[in-house]
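Keeping their order, the protein sequence lines are chains A and B. According to this note's numbering, the first sequence is numbered sequentially starting from 14. According to this note's numbering, the second sequence is numbered sequentially starting from 14. Even for Gly, the Cβ is constructed at its ideal location relative to N, Cα and C. As the structure is a prediction and not an experimental result, all values here were calculated from the model. Heads up: the structure comes next, in structure tokens.
2 protein chains.
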Amino acid sequence: MTLVSSLTVMPLKGLPLIHPGDDLAELLVKAAERVGYRFRNGDVLVVGQKAVSKSEGRLVDVGNIRPRKRAEEIARRTGKHPGFVEVVLRDAKMVVKAHEEALIVRTKQGWVCLNGGVDKSNVQGPVNYALLPENADASARRLRSGIKRLTGQNIGVIICDTHSRPFRRGQVEETIGIAGLNPMVDYRGKRDLFGYELLFKNVAVADELASAAELVMGQGREMVPAAIIRGLKRVRFQERAKSLDLVVDEAEDLFRGTL
Amino acid sequence: MTLVSSLTVMPLKGLPLIHPGDDLAELLVKAAERVGYRFRNGDVLVVGQKAVSKSEGRLVDVGNIRPRKRAEEIARRTGKHPGFVEVVLRDAKMVVKAHEEALIVRTKQGWVCLNGGVDKSNVQGPVNYALLPENADASARRLRSGIKRLTGQNIGVIICDTHSRPFRRGQVEETIGIAGLNPMVDYRGKRDLFGYELLFKNVAVADELASAAELVMGQGREMVPAAIIRGLKRVRFQERAKSLDLVVDEAEDLFRGTL
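Next up, the structure:
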């Protein structure tokens, strides 16, 4: 009887509320020490977008935002606050859908998501919202180097956000920023158990890691903004990593024409 | 310093190749004992669709399938084998896309996926494919009751499949069958840290569990067809569960008109 290697997903509890200018890397290292985890080489740290955005001051009072004409027009069509629509549009590459059901944009980073990821939950103030980090890969790199500096350990970092999806009910966590590990595990060209070549399998492990972390993080009042995942066997740690690898352009989307 | 409760994802290695008629529950219980895990109340067992389909004899030699007219027409359009298209159509509720890029259908169970989930990898024989279980919730219930009978433990069961997604590159595991636990954790109507009501958050934890399991299961020659997830806090175990809760119909899909 041998205990084969399992994966552990550890919630980072006990962080204070995050404010603009806070050193998030330091807060995470302290929280990890307090709960007895301590970072180790090969860990993957998954951090919710909200904590990162707050520490970077990416908060906005939409009551103070002056909407341009296009934002006013979309606000009428969608029934949303004009200042809110304005901040969504500022970080958008294109508007994918503007309808009373939903405002969906492709963000400058490439994510297609509801309201461009601009979100109210767990942000103080009735018309205050959190924007996505300006460059979530850069945010992830800063956390990675901050934790390296504080602990000496080389880890991978994922910044995740809650996404609704076509065809399936409910939200899951997906990756919007990455540092230190390859977001994909590519099986293409490898062989299966019977020697047949695998032609399509290219697993978005970064998204699976984000989802695994959410299982201990939660979305409400849990106050668990991050998790450490330990014991990964298949992911490839590498200096250069970019979340853009997870983006599919409209032209190459196999699901083009399905919705 | 207290070790707060973490989640463990344990790979079930050491199963033999699965054949039609095999008692999968028994094979999984034996594998769990061999690696020292043993099932416990409150565990979630995640099993890959391929192992379930094989044990249920859901294998087909598409060379022996006589395509109907519609299958022949779609085979021409997509460049796929006519017998293959025929088996995809037999389990399809509707064809969503039939193009040389991709054949996408909505299965009778409601999943919108490439080739209706009919898949070649890790199936022996050059024109042999595995179909999805006929009713994956029923398959999950059988595994749940089989494991209860053999071990006395009450667990949740998820059957997962590998899905490509719109907008994002690569595949992730998602749930296609469930027993013993609610696939969703619904925050709607609850309050966030600052007392604001959460209006939309309804987390598809079943899909997150499937993705977490894939991190230890793999897709190639790993021979890890299942995983046990232990230490879940938020999911609701319940006798009645259905994967249909994860299906969004075309009419209510927020992403309608975006692809």
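Neighbours of Gly190(B) in chain A, taken as residues whose beta carbon is under 7 Å from its own, are absent, since the nearest beta carbon is some 14 Å off. By the neighbour-count criterion, in which a residue is buried when 16 or more other Cβ atoms sit within 10 angstroms of its Cβ, Gln232(A) is buried.
Sequence-distant partners of Thr175(A) (beyond 5 residues in either direction) whose C-beta falls short of 7 Å from its own C-beta, in its chain, are Gln184, Glu186, Gln232.
Every unbroken stretch of the alpha helix (DSSP H) spanning 4 or more residues and falling wholly within the stretch 205-245 of chain B is given here in chain order: 218-230. About 17 Å separates the beta carbon of Ser224(A) from that of Ser256(B), a gap too long to meet the 8 Å contact definition.
Annotation: Gly183(B) is outside any alpha helix (DSSP H) and is labelled neither H nor E by DSSP. In the DSSP annotation of this structure, Ser256(A) is not part of any beta strand (DSSP E), being labelled neither H nor E. One Cα belongs to Leu37(B), the other to Val57(B), and the distance between them is close to 16 Å. Residue pairing by DSSP puts Val170(A) in a beta bridge opposite Leu58(A), Ala192(A). Comparing alpha-carbon positions, the option among Leu116(A), Val65(A), Leu194(A) lying closest to Asn135(A) turns out to be Val65(A). Contacts with chain B (Cβ-Cβ distance below 9 Å) from the stretch 98-116 of chain A involve Val109, Lys110, His112, Glu114, Ala115, listed in chain order. For Arg247(B), the closest of Asp104(A), Val237(A), Leu163(A) by C-alpha to C-alpha distance is Val237(A). In the three-state DSSP reduction, Arg119(A) falls in the strand class (E or B). Looking at Lys43(A), Leu25(A), Arg53(A), the one whose alpha-carbon comes closest to that of Arg243(A) is Arg53(A).
A distance of 8 Å or more separates the beta carbons of Ala153(B) and Val22(B). Within the same chain, Cβ atoms closer than 6 Å to the Cβ of Asp35(A) are found at Ser68, the five residues on either side in sequence being excluded. Boundaries of the beta strand (DSSP E) around Ala143(B): 141-143. Phe213(B) and Glu221(B) have their C-alpha atoms spaced approximately 18 Å apart. Contact between the stretch 197-214 of chain B and the stretch 92-104 of chain B is absent: fewer than 3 CB-CB pairs across the two stretches fall below 8 Å.
The DSSP-derived three-state label of Ser19(A) is coil. Residues of chain B whose Cβ lies closer than 9 Å to the Cβ of Gln251(A) do not exist; the shortest such Cβ separation is about 16 Å. Boundaries of the beta strand (DSSP E) around Val108(B): 105-111.
With fewer than 16 other Cβ atoms inside 10 Å of its own Cβ, Gln251(A) counts as exposed.
Asp150(B): member of the alpha helix (DSSP H) spanning 149-164, first to last residue. In its chain, beyond the 5 residues on either side, Val248, Arg249, Gln251, Ala254 have a beta carbon closer than 7 Å to the beta carbon of Asn195(B). In this structure, Leu127(A) lies away from Ala111(A), with their beta-carbon atoms at least 8 Å apart. Close partners of Gly270(B) in chain A (Cβ separation under 8 Å): Lys110, His112, Leu272. Taking C-beta atoms as the reference points, Gly92(A) and Ile78(A) fail to come closer than 8 Å.
Taking a contact as a CB-CB distance under 8 Å, the pair Phe180(B) and Gln137(A) does not count as one, their CB atoms being some 31 Å apart. In this structure, Ile189(B) lies away from Ala143(B), with their beta-carbon atoms at least 8 Å apart. The C-beta of Pro179(A) comes closer than 8 Å to at least one C-beta of chain B. Taking Arg182(B) as reference, the option from Leu72(A), Gly123(A), Leu25(A) with the minimal CA-CA separation is Gly123(A).
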